[in-house]
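Each residue of the sequence shown is one higher than the last, beginning at 44 in our numbering. Cβ coordinates follow ideal geometry from the N, Cα and C atoms, glycine included. Reviewing the structure listed below.
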Amino acid sequence: MKTLRYYAVVLLVALTLSAASVPKFEWPDSDHYSRVIVNATQGIESRPRVWFAQDKLVTDLAITNVDQIGNAAAVKEYDAIRHTLESWGLAVGTYTSGTTIITQTRETHWPWQTVPSEWMSISAHYIGDWPTMPYRKILDLSDRETMNSFHEGLKRLWERTPAPVRFVDNAGIHSSAGKGQKWNDYCTNMLEIRRIGESMGSLQVFNIAMHVGMLSDDEMKNLISAVGGNGIAIEMPWSPAIRKDKTLTRNAEARYRQLLDAGEAIILIPLDVDAQPLAAWVRTWRKPTDHLYLAGSFFKPPDLNVFGSVQTR
Numbered sequence: 044m045k046t047l048r049y050y051a052v053v054l055l056v057a058l059t060l061s062a063a064s065v066p067k068f069e070w071p072d073s074d075h076y077s078r079v080i081v082n083a084t085q086g087i088e089s090r091p092r093v094w095f096a097q098d099k100l101v102t103d104l105a106i107t108n109v110d111q112i113g114n115a116a117a118v119k120e121y122d123a124i125r126h127t128l129e130s131w132g133l134a135v136g137t138y139t140s141g142t143t144i145i146t147q148t149r150e151t152h153w154p155w156q157t158v159p160s161e162w163m164s165i166s167a168h169y170i171g172d173w174p175t176m177p178y179r180k181i182l183d184l185s186d187r188e189t190m191n192s193f194h195e196g197l198k199r200l201w202e203r204t205p206a207p208v209r210f211v212d213n214a215g216i217h218s219s220a221g222k223g224q225k226w227n228d229y230c231t232n233m234l235e236i237r238r239i240g241e242s243m244g245s246l247q248v249f250n251i252a253m254h255v256g257m258l259s260d261d262e263m264k265n266l267i268s269a270v271g272g273n274g275i276a277i278e279m280p281w282s283p284a285i286r287k288d289k290t291l292t293r294n295a296e297a298r299y300r301q302l303l304d305a306g307e308a309i310i311l312i313p314l315d316v317d318a319q320p321l322a323a324w325v326r327t328w329r330k331p332t333d334h335l336y337l338a339g340s341f342f343k344p345p346d347l348n349v350f351g352s353v354q355t356r
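Given below as structure tokens:
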């Protein structure tokens with residue numbers, strides 16, 4: 044019995060020291076330089092260091108071919124690349140799905156990107172499969188036992204790889220962007236994930252599918268409460284339909300201002316709009332003190348017309 048208690052104490056101390064060894068991340072000033080690198084993989088370390096001279100954050104780094112090189116080699120490669128990036132002054136985060144799980148045999152990345160289904164309660168409930176990945180199960184966010192089990196697994200997953208930032212994908216789908224679950228359930232899940240991350244010393248970036256200008260007052264209130272002073276990543280920051288409608292564009296500007304003034308950090312991912320027009324629009328309404336960033340790729344040099352000073356002109 045004493046032996047078991049001894050090892051439990053040793054494990055607790057090891058986890059505490061591991062978490063303490065990760066420097067706390069604070070959102071950098073984005074007025075001068077606004078790039079945040081999203082979805083980095085092996086190969087980033089071979090790019091010219093000068094490309095990253097002004098960068099401060101890689102939201103997530105992963106080795107993507109664990110199934111080919113094996114787990115031990117992937118861990119070694121990840122640690123080496125992360126050490127290189129950190130020596131360049133970059134904070135390095137991890138990627139995790141916030142609403143889906145897969146089996147361990149399907150996991151091809153390191154660090155693992157999903158809570159494995161083997162860690163879930165046998166009574167966990169799922170609402171279906173991911174459209175393009177039938178082996179990926181979507182959690183029923185309304186089922187308390189399911190979510191308790193998932194959050195326990197998430198904490199266990201993050202304890203394996205302490206990090207200052209957690210990029211939480213699939214965090215929510217607003218009705219303006221597609222069919223999903225109840226908005227309040229997404230917000231509750233984000234709040235609980237945020238509390239897990241904050242207890243471990245990390246900031247969370249929640250990737251949400253939404254047209255921000257189409258959220259109601261109550262939906263905005265719930266989102267701000269859930270995210271706190273963490274971050275939101277938006278893949279549809281200024282979609283074509285909204286760009287050509289002045290009223291919808293003004294609504295989007297107002298909602299972005301509401302989020303930023305509440306202390307949220309926002310990362311705009313230009314998937315459905317060219318980066319330069321997006322940056323030019325942002326310059327018309329941002330404040331110099333906003334924590335507002337544009338996502339960039341690691342495999343090409345930064346375009347200063349996009350990521351350079353974005354202060355209001």
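The Cβ atoms of residue 247 and residue 256 do not sit closer than 8 Å to each other. Closest by C-alpha distance to residue 213, out of 76, 269, 223, 118, is 223. The Cβ atoms of residue 127 and residue 88 lie closer than 8 Å to each other. When Cβ pairs closer than 8 Å are counted between the two stretches, the stretch 93-104 is seen to touch the stretch 202-211, the count reaching three or more. Residue 112 carries a helical assignment under DSSP once its states are collapsed to helix, strand and coil. Rounded to whole angstroms, residue 221 and residue 252 show a C-alpha spacing of 8 Å. Annotated three-state conformation of residue 209 is strand, per DSSP.
Bridge partners of residue 135 according to DSSP: 101.
Proximity of the stretch 116-125 to the stretch 165-181 falls short of the contact definition, fewer than three beta-carbon pairs being nearer than 8 Å.
Non-local beta-carbon contacts of residue 281 in its own chain, meaning distances under 7 Å to residues more than five positions away in sequence, involve 295, 316, 321, 324 in chain order. In the three-state reduction of the DSSP assignment, residue 169 falls in the strand class. The three-state reading of DSSP puts residue 125 in helix, counting H, G and I together.
Across the set 250, 264, 66, 125, the C-alpha of 250 shows the shortest separation from the C-alpha of residue 276.
With a 10 Å radius around the Cβ and a threshold of 16 neighbouring Cβ atoms, residue 336 comes out buried.
With contact defined as three or more Cβ pairs closer than 8 Å, the stretch 284-304 and the stretch 257-276 are in contact. In the structure shown, residue 216 falls within a strand segment according to DSSP collapsed to helix, strand and coil. For the 8 Å CB-CB criterion, residue 350 and residue 77 form a contact. Inter-residue distance for residue 173 and residue 144 is about 10 Å (C-alpha atoms, whole angstroms). The alpha-carbon of residue 344 is positioned some 43 Å away from that of residue 185. Take residue 134, set aside five residues on each side of it, and the residues of its chain with a beta-carbon closer than 8 Å to its own are 66, 68, 99, 100, 101, 207, 208, in chain order. Taking 3 residues as the shortest admissible run, the stretch 219-250 contains no complete beta strand (DSSP E) segment at all.
For the pair residue 203 and residue 178, the CB atoms are not nearer than the 8 Å cut-off. Listed as beta-bridge partners of residue 83 by DSSP are 104.
Between residue 309 and residue 338 the beta-carbon gap is near 11 Å, outside 8 Å, which marks them as no contact. Within the DSSP bridge table, the entry for residue 306 names no partner. Rounded to whole angstroms, residue 332 and residue 238 show a C-alpha spacing of 26 Å. Following the DSSP letters along the chain, one finds residue 187 inside the alpha helix (DSSP H) bounded by residues 187-203. A residue is called buried once 16 or more other Cβ atoms fall within 10 Å of its Cβ, and residue 157 is buried on that count.
Take residue 194, set aside five residues on each side of it, and the residues of its chain with a beta-carbon closer than 8 Å to its own are 235, 236, 239, in chain order.
A residue is called buried once 16 or more other Cβ atoms fall within 10 Å of its Cβ, and residue 232 is buried on that count. Shown here, residue 153 sits in a strand according to DSSP, grouped into three states.
The residues 333, in chain order, have a CB closer than 6 Å to that of residue 303 in the same chain once the five nearest residues on each side in sequence are set aside. For the pair residue 71 and residue 79, the Cα-to-Cα distance works out to about 10 Å.
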